[in-house]
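First comes the structure, then the notes that go with it.
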Amino acid sequence: MAGGWARDGAVQEQIDASINDELARLKARKAPVGESLTHCAECEEPIPEKRRLALPGVKLCVDCQQERDSAFQARGGINRRGSKDSQLK
4 MAGGWARDGA
14 VQEQIDASIN
24 DELARLKARK
34 APVGESLTHC
44 AECEEPIPEK
54 RRLALPGVKL
64 CVDCQQERDS
74 AFQARGGINR
84 RGSKDSQLK
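Spelled out as structure tokens, the structure:
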């Protein structure tokens with residue numbers, strides 16, 4: 004049930020749009036290509052064979068990949084699509 008001036012289902016539409024946007028962003032990320040390295044490109048630690056088989060083209064060990072992923076700044080979880088506040092900016 005939507006409140007105020009919003010029509011019924013508007014909240015769910017915003018949630019669906021946010022999910023679709025995030026999925027499109029994740030699909031657009033480049034996946035590793037080529038042959039996997041046996042040792043990490045950053046720290047020279049061996050990359051386990053199971054990781055190399057699971058992710059063809061992997062170049063980083065788990066620890067270095069986690070550091071790189073944690074450095075990525077995720078966008079805020081607030082959906083402002085179509086809200087009055089987003090139109091004022």
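Just add 3 to the spot in the sequence shown (first one is 1) and you have the numbering used here.
Cβ atoms here follow ideal geometry from the backbone N, Cα and C, with glycine treated the same way.
Drop a sphere of 10 angstroms on the beta-carbon of residue i, count the other beta-carbons inside from all chains shown, and report buried for 16 or more, exposed for fewer.
{"i": "Ile18", "result": "exposed"}
{"i": "Gln64", "result": "Per the sequence shown, residue 64 should be read as Cys rather than Gln. Buried, because 16 or more other Cβ atoms sit within 10 Å of the Cβ of Cys64."}
{"i": "Ile50", "result": "buried"}
Is DSSP giving residue i helix, strand or coil here?
{"i": "Lys92", "result": "Unreliable placement is indicated for Lys92, whose pLDDT of 49 sits below 50; no coordinate value is reported for it."}
{"i": "Ala74", "result": "helix"}
{"i": "Ala5", "result": "Interpretation of Ala5 is limited by its pLDDT of 48, a score under 50 that renders its predicted location unreliable; no figure is taken from the coordinates."}
{"i": "Ile18", "result": "helix"}
Are residue i and residue j closer than 7 angstroms when you measure CB to CB?
{"i": "Pro35", "j": "Gly12", "result": "no"}
{"i": "Lys33", "j": "Ala44", "result": "no"}
{"i": "Ser73", "j": "Arg55", "result": "no"}
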